[in-house]
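To start, the structure under review is shown below, and the notes come after it.
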Amino acid sequence: MILLTSDLHLGAGKSDDFFRTWELHKFFQYAEKNAKELVLLGDIFEFLQTDLMHAYVAHKVLIDHLYQLAGKIKVTYVVGNHDAVMAVFCEPHGKGYFFESKIRVVPEYVNKKYKLYAAHGHAFDSLNRKQDILNVKEEPTVGDHITQFAGWLEEHVNPHADDFFLKIYEGYQKILKKIGAEAREASSLVTPANPQYEKLGGDYSEYEKGVRKILALDQYEICVLGHTHKPLQKELPGGTYVNAGSWVEKEKVPTFVEVDSNGVRLRRVNEI
60 MILLTSDLHL
70 GAGKSDDFFR
80 TWELHKFFQY
90 AEKNAKELVL
100 LGDIFEFLQT
110 DLMHAYVAHK
120 VLIDHLYQLA
130 GKIKVTYVVG
140 NHDAVMAVFC
150 EPHGKGYFFE
160 SKIRVVPEYV
170 NKKYKLYAAH
180 GHAFDSLNRK
190 QDILNVKEEP
200 TVGDHITQFA
210 GWLEEHVNPH
220 ADDFFLKIYE
230 GYQKILKKIG
240 AEAREASSLV
250 TPANPQYEKL
260 GGDYSEYEKG
270 VRKILALDQY
280 EICVLGHTHK
290 PLQKELPGGT
300 YVNAGSWVEK
310 EKVPTFVEVD
320 SNGVRLRRVN
330 EI
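Sequential numbering of the sequence shown, starting at 60, is according to my numbering.
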């Protein structure tokens, strides 16, 4: 069995949104006992607002647990947009592994046995995608800068600064429209989980359109994404689309995906 999960956003300090330590330990234990492989579908770290050292210090026990798990089952890390720096470990830039660990790092995941394709999902998001995930020298998007600044505000000024910043951006975009200018790229801060997403030009239908194209290739029958923070399982022509959800929504139970010879299932962590 393969397990897939996404969007932990492990950060540090006041801007750290992760608070599911106990549940994640439980999930790792479940993976060790039941799975042959764990696939982490991007945005595992919140590197737009912190760095690896601070994230490790803040979540040392969890990260150590992941390292130990990688010594027992296969662990694959798919690069997202908030942890795009992880692309330096992907081939041909790196050796394909996270430092000296057994955690493989890839831009996308394919399993031919189960006809499974998986990716973080930001490639289908017009507000957050970059042209080439392996181009580690690519200039940061406007959204990257906005997210980093909002993180600094949360850390040093107000823990709710990101909400305030979104309101400022929305007003900025309205002004641009009034004078006939094209609005700049919104931001990685404006995730599909944010209520402002559609107001700022986001389109949830982009993901399903992208998945339909993948399933139309006839190589795949299952497509799993993250990024939207919205867990979903839906049958489409040619196969099944599943979104793994996230671990940072305060009023929602974290979710994950199981794939085996019996098919694909979206599950909640409180079910294990």
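Where is the CB? At the ideal position from N, CA and C, for every residue including glycine.
On a predicted model such as this, the values are computed, not experimentally measured, just so you know.
On the criterion of 16 or more Cβ atoms from any shown chain inside 10 Å, does residue i qualify as buried, or is it exposed?
| i | result |
| --- | --- |
| Ile-192 | Note that Ile-192 scores a pLDDT of 42, beneath 50, so its modelled location is shaky; the value from the coordinates is reported in the next line. With 16 or more Cβ atoms within 10 Å of its Cβ, Ile-192 is classed as buried. |
| Val-116 | exposed |
| Thr-80 | exposed |
| His-68 | buried |
| Asn-321 | exposed |
| Ser-305 | buried |
| Val-120 | exposed |
| His-84 | exposed |
| Ser-336 | Any answer about residue 336 is impossible in this case: the structure gives the chain only from 60 up to 331. |
| Glu-310 | exposed |
| Asp-66 | buried |
| Asn-140 | buried |
| Asp-102 | buried |
| Val-216 | Caution is warranted here: a pLDDT of 46 is assigned to Val-216, below 50, making its placement in the model unreliable, and no coordinate value can be reported. |
| Pro-296 | exposed |
| Val-164 | buried |
| Asp-123 | exposed |
| Phe-86 | buried |
| Phe-157 | buried |
| Lys-196 | In this predicted model, Lys-196 has a pLDDT of only 43, less than 50, meaning its place in the structure is not dependable; the value taken from the coordinates is given anyway. By the neighbour-count rule (16 or more Cβ atoms within 10 Å), Lys-196 is not buried but exposed. |
| Asp-277 | exposed |
| Pro-151 | exposed |
| Val-147 | exposed |
As a quick exercise: from the options, pick the residue whose alpha carbon is nearest that of residue i.
| i | options | result |
| --- | --- | --- |
| Lys-131 | Ala-90, Phe-78 and Leu-107 | Ala-90 |
| Cys-149 | Lys-161, His-141, Gly-139 and Pro-166 | Pro-166 |
| Gln-108 | Ala-143, Asn-93, Lys-309 and Leu-128 | Ala-143 |
| Leu-325 | Ser-74, Gly-297, Lys-293 and Ile-103 | Lys-293 |
| Asp-75 | Asp-110, Leu-62, Leu-295 and Leu-97 | Asp-110 |
| Asp-155 | Val-134, Met-112 and Lys-174 | Checking the sequence shown, residue 155 turns out to be Gly, not Asp. Gly-155 has its Cα closest to that of Val-134, out of Val-134, Met-112 and Lys-174. |
| Thr-64 | Ala-177, Asp-277, Glu-330 and Arg-271 | Ala-177 |
| Ala-78 | Glu-308, Ala-182, Ile-331 and Arg-327 | Here the sequence assigns Phe to residue 78, which means Ala is not the residue at that position. It is Glu-308 whose Cα lies nearest to the Cα of Phe-78. |
| Leu-291 | Tyr-173, Val-323 and Glu-330 | Val-323 |
Hey, quick one: how far does the beta strand (DSSP E) through residue i stretch, first residue to last?
| i | result |
| --- | --- |
| Gln-292 | 291-295 |
| Ala-177 | 175-177 |
| Asn-93 | Careful: Asn-93 lies outside any beta strand (DSSP E), inside the alpha helix (DSSP H) at 80-93. |
| Val-318 | 314-319 |
| Ile-273 | Unbroken run through Ile-273 is the alpha helix (DSSP H), 264-274; no beta strand (DSSP E). |
| Thr-287 | No beta strand (DSSP E) contains Thr-287, which DSSP labels as neither H nor E. |
| Val-301 | 298-302 |
| Tyr-98 | The question names Tyr, but residue 98 is Val in the sequence shown. Where Val-98 is concerned, the enclosing beta strand (DSSP E) stretches over 96-99. |
| Ile-61 | 61-64 |
Using a threshold of 7 Å, state whether the C-beta atoms of residue i and residue j are closer than that.
| i | j | result |
| --- | --- | --- |
| Ala-275 | Leu-100 | no |
| Gly-282 | Tyr-300 | This sequence places Cys at residue 282; Gly is not what is there. Going by C-beta atoms, Cys-282 is nearer than 7 Å to Tyr-300. |
| His-118 | Gly-285 | no |
| Gly-161 | Ala-114 | The residue you asked about is not Gly; residue 161 is Lys in the sequence shown. Not closer than 7 Å, so no. |
| Gly-269 | Glu-280 | no |
| Glu-105 | Gly-70 | yes |
| Val-328 | Glu-82 | yes |
| Tyr-168 | Val-98 | yes |
| Val-318 | Ile-61 | yes |
Considering residue i, what are the terminal residues of the alpha helix (DSSP H) in which it resides?
| i | result |
| --- | --- |
| Tyr-115 | 111-117 |
| Val-328 | Element bounds for Val-328: n/a, residue is neither H nor E. |
So is residue i in contact with chain D if we call contact Cβ pairs under 7 Å?
| i | result |
| --- | --- |
| Arg-271 | Of the protein chains in the structure, only one exists, and it is not chain D. |
Any chance you could list the alpha helix (DSSP H) runs of at least 4 consecutive residues sitting entirely within the segment 135-186, in chain order? Runs of the alpha helix (DSSP H) spanning 4 or more residues and lying entirely within the segment 135-186 do not occur at all.
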